[in-house]
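According to full-length UniProt numbering, the stretch in the sequence shown is residues 1 to 492, in order. Backbone N, C-alpha and C fix where the C-beta goes; we use that ideal spot for every residue, glycine too. Predicted, not measured: the structure shown is a model, and the values here were computed from it.
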Amino acid sequence: MQNLVQKTTYFPPSASSKGLVAAADGTPLPAAVKQVLVDLLGEKSLREPQSQSIDGTVFEVLTQLLPSMPSRAEFWWNRLGKSFASMMETGVFPVAVQARFLIFIYARVIGFMGPDDKSVGPGSIMTSEGCPVELSWVIPNRSKPRAGEVSRQLRFCIEPRDPETGALFKGASILKYLTGAEGSLGVVSCHDLGLDWPTKTENYLFPGDEGEAAPMGSRFFVGFDFHPKGAITLKAYYVTAFCPPTNQMQVATDTDGKPLDKLVAQLHPTLSQPFEAVKTYIQSIDGPRRPYAGIAAMDCVEPDVNRLKIYLHRHEGTAWSEARAGFTLNDALADRPNVAAGLEKLELLWNLLFPDATSKKNIDLPEVAVPVSASGDDRPAQPSIGLLFYYELYSNDNIVYPKIYLPVRTYCKSDLAICEAVEKFYNEIGVEGPGGGEQGQGWVAREVAKSYAHRKLDARSGIITYVTVGAKKGGWEVTMYFTPEPWAAERK
Numbered sequence: 001m002q003n004l005v006q007k008t009t010y011f012p013p014s015a016s017s018k019g020l021v022a023a024a025d026g027t028p029l030p031a032a033v034k035q036v037l038v039d040l041l042g043e044k045s046l047r048e049p050q051s052q053s054i055d056g057t058v059f060e061v062l063t064q065l066l067p068s069m070p071s072r073a074e075f076w077w078n079r080l081g082k083s084f085a086s087m088m089e090t091g092v093f094p095v096a097v098q099a100r101f102l103i104f105i106y107a108r109v110i111g112f113m114g115p116d117d118k119s120v121g122p123g124s125i126m127t128s129e130g131c132p133v134e135l136s137w138v139i140p141n142r143s144k145p146r147a148g149e150v151s152r153q154l155r156f157c158i159e160p161r162d163p164e165t166g167a168l169f170k171g172a173s174i175l176k177y178l179t180g181a182e183g184s185l186g187v188v189s190c191h192d193l194g195l196d197w198p199t200k201t202e203n204y205l206f207p208g209d210e211g212e213a214a215p216m217g218s219r220f221f222v223g224f225d226f227h228p229k230g231a232i233t234l235k236a237y238y239v240t241a242f243c244p245p246t247n248q249m250q251v252a253t254d255t256d257g258k259p260l261d262k263l264v265a266q267l268h269p270t271l272s273q274p275f276e277a278v279k280t281y282i283q284s285i286d287g288p289r290r291p292y293a294g295i296a297a298m299d300c301v302e303p304d305v306n307r308l309k310i311y312l313h314r315h316e317g318t319a320w321s322e323a324r325a326g327f328t329l330n331d332a333l334a335d336r337p338n339v340a341a342g343l344e345k346l347e348l349l350w351n352l353l354f355p356d357a358t359s360k361k362n363i364d365l366p367e368v369a370v371p372v373s374a375s376g377d378d379r380p381a382q383p384s385i386g387l388l389f390y391y392e393l394y395s396n397d398n399i400v401y402p403k404i405y406l407p408v409r410t411y412c413k414s415d416l417a418i419c420e421a422v423e424k425f426y427n428e429i430g431v432e433g434p435g436g437g438e439q440g441q442g443w444v445a446r447e448v449a450k451s452y453a454h455r456k457l458d459a460r461s462g463i464i465t466y467v468t469v470g471a472k473k474g475g476w477e478v479t480m481y482f483t484p485e486p487w488a489a490e491r492k
């Protein structure tokens with residue numbers, strides 16, 4: 001990978017100055033965006049000759065300022081960059097911060113997005129249709145958004161791939177580059193011990209593997225959290241579901257593979273106690289119906305404030321009672337106020353999203369969407385059937401924080417139906433459209449359609465991959481996840 005990141009076609013070199021320099025009050029948007037571009041990538045990054053009438057949104061101005069892109073880079077700039085730019089606009093991110101993040105995507109993310117030809121290399125398992133990126137936003141759960149405040153938490157996650165061959169990379173190689181002086185562009189923030197947990201995780205799952213390629217069958221995702229003041233922090237995701245059995249993560253200790261309790265103990269001594277509740281729940285479920293540990297994830301922060309996220313996928317059992325049991329660990333967490341509040345919101349949202357399988361009916365969710373494979377063949381795709389949970393375990397905290405992923409792409413008839421259900425949910429609890437975004441009836445659908453404008457939302461499901469409900473430290477939280485559908489028929 002070292003040779004790849006030295007290719008300026010994919011990874012333009014940084015400038016000597018990488019600080020976020022605020023433009024003077026009243027500076028026109030194009031001038032403010034240009035200043036950020038020069039600060040991060042230098043004068044050499046500007047297109048020559050420049051148009052004298054550069055104008056538009058931050059994304060449009062950057063598209064005019066940046067050099068002409070090769071077709072592969074242009075493909076991902078218009079799929080990932082454009083959608084994310086619209087989400088930042090809706091979220092009222094400051095102009096300089098929008099520019100900073102989009103330049104980072106251009107210079108450090110697009111190079112890892114793989115080929116624009118879907119058939120080249122191993123298909124990505126990030127989404128069910130094989131897109132190597134999944135974006136998300138959290139709408140604040142306050143009833144009255146604060147004026148002038150950034151009104152979304154924005155994140156996305158990619159499965160890093162070689163831009164020419166689509167080959168997969170090992171997590172350590174990606175994280176080392178993105179947190180280094182050149183790869184970070186001065187935008188990524190990482191503590192000196194921020195890679196401690198990812199390093200220990202890789203050493204446990206793949207001992208003795210010192211190469212840069214992904215170990216056989218394994219997958220790695222890197223997540224980017226975009227903070228309102230202009231910093232990016234990272235998350236590391238390790239997927240072993242397609243590894244040989246000896247390298248697969250296991251919660252239960254009566255099976256072969258890599259028992260997670262050993263990893264938990266290695267990461268931080270305070271994680272073992274809350275992990276016991278997760279292990280007890282899993283071991284209470286009979287073999288064929290037992291969820292499997294698909295992903296282990298963590299923030300790239302110092303160990304004493306980090307969290308381990310254990311993702312469990314359940315193929316069988318999609319009725320409300322199964323969702324409730326997974327969210328509360330068979331009621332082991334039900335008496336905790338944040339879990340009780342989250343469960344109440346989950347049941348309300350569940351009944352709106354799945355009117356044919358409400359909590360009262362308590363039947364398995366009917367599949368109403370057309371199945372989609374990752375690459376049109378038999379290569380593995382991200383599971384889109386069944387319920388997905390994760391459980392957060394924080395250092396120095398004995399509480400488990402659950403989150404459930406509802407695969408609406410499979411169980412809802414269209415993206416419009418999903419948006420309407422989410423809006424009804426917010427109406428029920430008294431949350432309005434946040435400032436800076438759309439207002440009034442249909443605001444959720446209009447915001448999604450603005451960011452993913454390549455097709456109509458009522459055509460089918462697919463743009464919205466998951467809707468989640470989590471019991472977080474600060475209270476319940478609903479997140480929507482998206483794919484830009486880079487190879488959708490409507491884009492051709």
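Give the secondary structure of residue i by DSSP, where H, G and I count as helix, E and B as strand, and everything else as coil.
i	result
Asp304	helix
Gly326	helix
Arg379	Because the pLDDT at Arg379 is just 37, under 50, the model does not fix this residue reliably, and the point stays unresolved.
Glu276	helix
residue 559	This structure gives no information on residue 559, because the portion of the chain shown stretches from 1 to 492.
Gln441	coil
Tyr452	coil
Arg336	coil
Glu477	strand
Arg47	coil
Lys361	coil
Val251	coil
Pro402	strand
Thr9	coil
Ala459	coil
Leu312	strand
Ile103	helix
By Cβ distance below 6 Å, which residues in the same chain neighbour residue i in space, the five residues on each side in sequence not counted?
i	result
Ile295	Tyr237, Val239, Tyr311
Lys450	Ser86
Thr233	Ser189, Asp225
Val97	Gly230
Trp443	Gly433
Phe75	Asp116
Cys243	Gly217, Ser218
Ala31	none
Is the distance from the Cβ of residue i to the Cβ of residue j below 8 Å?
i	j	result
residue 497	Pro291	As displayed, the chain neither begins before 1 nor continues past 492, which places residue 497 out of reach and without an answer.
Phe101	Met113	no
Glu490	Cys131	no
residue 509	Gly183	With the chain covering only 1 through 492, there is no way to say anything about residue 509.
Phe327	Pro407	no
Val368	Cys412	yes
Arg409	Ile363	no
Val222	Ile174	yes
Ile404	Val469	yes
Gly475	Ala334	no
Ala99	Val187	no
Pro122	Leu168	yes
Leu80	Val133	yes
Gly166	Val138	no
Do you know whose CA, among the options, lies nearest residue i's CA?
i	options	result
Asp397	Pro269, Ala341, Leu234	Pro269
Arg155	Ser83, Asp162, Gly111, Tyr177	Ser83
Ser136	Trp487, Tyr481, Lys492, Glu202	Tyr481
Leu353	Lys424, Ala325, Glu392	Lys424
Pro13	Gln2, Ala32, Thr27, Lys44	Lys44
Gly317	Pro215, Leu365, Arg336, Thr165	Leu365
Gly257	Leu267, Pro245, Val251, Val264	Pro245
Lys170	Val38, Gln64, Pro215	Pro215
Ala421	Met126, Gly437, Trp350	Trp350
Ile103	Ser119, Phe93, Leu267, Leu62	Leu62
His191	Cys300, Gln6, Thr483, Glu210	Cys300
Lys212	Lys200, Asn247, Asp162	In the sequence under discussion, the amino acid at residue 212 is Glu, which differs from the Lys named in the question. The residue with the shortest Cα to Cα distance from Glu212 is Asp162.
With respect to the beta strand (DSSP E) encompassing residue i, which residues constitute its N-terminal and C-terminal limits?
i	result
Trp137	133 to 138
Gln153	153 to 158
Leu263	From DSSP, Leu263 is part of no beta strand (DSSP E) but of the alpha helix (DSSP H) over 260 to 267.
Gly223	219 to 226
Val58	Here Val58 belongs to no beta strand (DSSP E); instead the alpha helix (DSSP H) covers 58 to 65.
Lys235	232 to 239
Phe75	Careful: Phe75 lies outside any beta strand (DSSP E), inside the alpha helix (DSSP H) at 71 to 76.
Span of the alpha helix (DSSP H) holding residue i?
i	result
Ile429	415 to 429
Met298	That residue, Met298, is in no alpha helix (DSSP H); its beta strand (DSSP E) goes 292 to 299.
Val38	29 to 41
Using a Cβ-Cβ cutoff of less than 7 Å, which residues in the same chain neighbour residue i once the five nearest sequence positions on both sides are dropped?
i	result
Asp378	Because the pLDDT of Asp378 is 38, which lies under 50, any placement of that residue in the model is unreliable, and the number read from its coordinates should be weighed accordingly. Nothing meets the Cβ criterion.
Pro140	Ser151, Pro434
Leu416	Ala445, Leu457, Asp458
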